[in-house]
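Undergrad:
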Amino acid sequence: MVNLSPEQRAQYERDGFLAVRRVLTPEEVQAIKHVLAGYLRTGLGMLRAGEVPDTDSVFYNGVGIQLEPAVLSGKVRVEDPTLAVRKIWNLYGNDPLVTRLVQDERILSLVTAILGDEVWFFADKALLKPPHIGVEKPWHQDIPYFPFEPKAPYLHVAVWMALDDATAQNGCMQYIPGSHQWGNLTTETTWTESVSHLAVDESRIDPSKSVLVEAKAGDIVLHDGMVLHYSAPNRSPHPRWAFILDFISTKARYTGEGEPDYPVLCRTR
Ligand SMILES: O=C(O)CCC(=O)C(=O)O
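When we follow our numbering, the leftmost residue of the sequence shown carries the number 92, and every step to the right adds one.
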């Protein structure tokens, strides 16, 4: 169990994000990386033979794997799948370690301290920013991506786990403090080569107000679904792997088809 102090809670409510240091052990970080690398090596084994998929994403046993644009376009040839991928997602229910992690009491205690006793687990994804070619994630808010209303603060928490040390050079997270209170600024779909994003009204963003949150492997950064956030391209020789879990308060209204079939998780005591 990880308890947030009153100061940490107040900081999260004021800024819309909060770094919680040294939550995962080095062994746990290595175990998650090992799982991800296993899926990448199996799902993208073709790279070793110099073959590149002709689509942006491939699926392996229900797990999605999205190539970095530079690899997909052939601009850069990478044979090692762990150095070629932008994103891998949907491991919950496929991999036992990730399935356990989603229900880990340290994670759930952090999430329910913010969202209340009952939450939906919505999604998992790892963003890998390989050395030299990892693309930026433009400024955005998360909730507008998700089939939930209202687009308002304190209904979604992202649990962003550093699996490598994340620095200004390899693309650590950046936030505009307090912007979770600014309403829905999402405007249109934009593209970074083959990768689509929901962009926000850039005139509202003053990059000089952005706070870089460097993190050591094993640290967690929590952020609200409405806070403006960004990560820069990785121009360094070091990878920047992060694993992200998205949780939604069951007080939010589901706007997708039928009934939501996301697992409902409760505070552990
Ligand atoms: O890890 C990153 O670079 C971006 C993560 C992000 O934007 C998110 O979790 O919404």
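Virtual Cβ for every residue (Gly too), placed ideally from N, Cα, C.
1. Alpha carbon to alpha carbon, what distance is there between residue 132 and residue 105?
2. Measuring only from the beta carbon, is residue 224 closer than 8 Å to any heavy atom that is part of ligand 1?
3. Just tell me which of 281, 295 and 211 has its CA closest to the CA of residue 350.
4. Comparing the CB of residue 115 with every heavy atom of ligand 1, is any distance shorter than 8 Å?
5. Measure the CB-CB distance between residue 226 and residue 177 and report whether it falls below 9 Å.
6. On the DSSP bridge assignment, give the partners of residue 228 in chain order.
7. Please write down, chain order preserved, every residue whose beta carbon lies under 7 Å from a heavy atom of ligand 1.
8. Check whether the Cβ atoms of residue 140 and residue 158 lie closer than 9 Å to each other.
9. Which residues does DSSP list as the beta-bridge partners of residue 311?
10. In chain order, what residues of the same chain have a beta carbon less than 7 Å from the beta carbon of residue 93, not counting five sequence neighbours either side?
11. Can you check which of these residues, 235, 253 and 142, is closest to residue 391 by C-alpha distance?
12. Ordered along the chain, which non-local residues of its own chain (more than five positions away) have a Cβ less than 8 Å from that of residue 328?
13. Figure out for me which residue from 279, 145 and 264 has the closest Cα to the Cα of residue 319.
14. So, helix, strand or coil for residue 136, using DSSP?
15. One question on the structure: do residue 344 and residue 257 come within less than 9 Å of each other, judged by their Cβ atoms?
16. If you measure between the beta carbons of residue 219 and residue 333, is that distance less than 9 Å?
17. Taking only three categories from DSSP, how would you classify residue 129?
18. If you follow the alpha helix (DSSP H) that residue 203 is in, where does it begin and where does it stop?
19. What are the partner residues of residue 103, as DSSP defines its beta bridges?
20. In this structure, how does DSSP classify residue 223 when only helix, strand and coil are distinguished?
21. Rounded to the nearest angstrom, what separates residue 119 and residue 352 at their Cα positions?
22. Just to confirm before moving on: does the CB-CB distance between residue 136 and residue 172 stay below 9 Å?
23. Assess, as a yes-or-no matter, whether the region 240-251 is touched by the region 285-300 under the definition of 3 or more beta carbon pairs within less than 8 Å.
TA: Well, looking at it:
1. 42 Å
2. no
3. 211
4. no
5. yes
6. 322
7. 218, 220, 228, 231, 233, 249, 251, 262, 264, 320, 322, 333 and 335
8. no
9. 111 and 252
10. 111, 114, 197, 200 and 201
11. Only positions 92 to 360 of the chain appear in the structure, and residue 391 is not among them; the question remains open.
12. 222 and 223
13. 264
14. helix
15. no
16. yes
17. helix
18. 196-206
19. Its beta-bridge partners do not exist; DSSP assigns none.
20. coil
21. 28 Å
22. yes
23. no
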